[in-house]
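**Student:** Note that my numbering has the sequence shown beginning at 80, numbered continuously upward.
Ideal Cβ positions, reconstructed from N, Cα and C, are used throughout, including at glycine.
No experiment lies behind these values; they were computed from the predicted model shown.
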Amino acid sequence: DRINDASLQMEQTVTTLLHLAREEHADAQKTDVKLLPLIEESVIKHSHLLEGKDIEVVVEDSCSASILTQQGMLKVLLDNLLSNAFQYTQSGEVKVAFINNELIVEDTGPGIEKDISAHITQEAVKGSQSKGYGFGLSIVKRLCEHQNWRLVVTSDLGTRISVCFNAELVTRYF
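1) Assuming residue 188 contacts residue 237 (C-beta within less than 8 Å), just tell me the rounded distance between them.
2) Looking only at C-alpha atoms, which of 120, 167, 163, 171 sits nearest to residue 219?
3) On the criterion of 16 or more Cβ atoms from any shown chain inside 10 Å, does residue 83 qualify as buried, or is it exposed?
4) Less than 8 Å separating the beta-carbons of residue 121 and residue 153?
5) Please classify residue 80: does DSSP put it in a helix, a strand, or coil?
6) Just to confirm my understanding: we take residue 206, look at its own chain, exclude 5 residues before and 5 after, and list those with CB closer than 7 Å. What are they?
7) On the DSSP bridge list, what partners appear for residue 181?
See the structure below:
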């Protein structure tokens, strides 16, 4: 099952990267995507990375929102953010929230080297190409650039990654 899931995830990642490489229009195939089910799916998909670790995964009620976006891109973004958080956190907490049109993923892992996290944030703001500091963060950075989402990486003891979506593209649901 994990091999099949990994194959499907890789196919989705390749499709998303092809969209990015072709620089297809940012408005292509956008639909109203519910955030919470995608978060739950990603948590389940990457739960094997939590085996043997004392980690609590907290998904806040604030994640009950819909975003007008390309579902595949949002899925790849979530998969990368959550798999990184699960992989590098040995104990403590991984928390997912959606506050003021911002998706926030926080963990209590060792953090990212300061020069790397600062570089990713600076380059994301400038819109420059990634320098390749990790496949996952590079994909996240490119997705954010492509969709005009603001990416902020804060890391010390633990990491906080936030992605701000356009205000008019977000609605709440319950």
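**Tutor:** Working from what's here:
1) 6 Å
2) 163
3) exposed
4) no
5) coil
6) Residue confidence is low: residue 206 scores 36 on pLDDT, short of 50, so the model does not pin down where it sits. Its coordinate-derived value is still stated next. The answer, listed in chain order, is 224.
7) Answer is 178, 243, bridged to residue 181.
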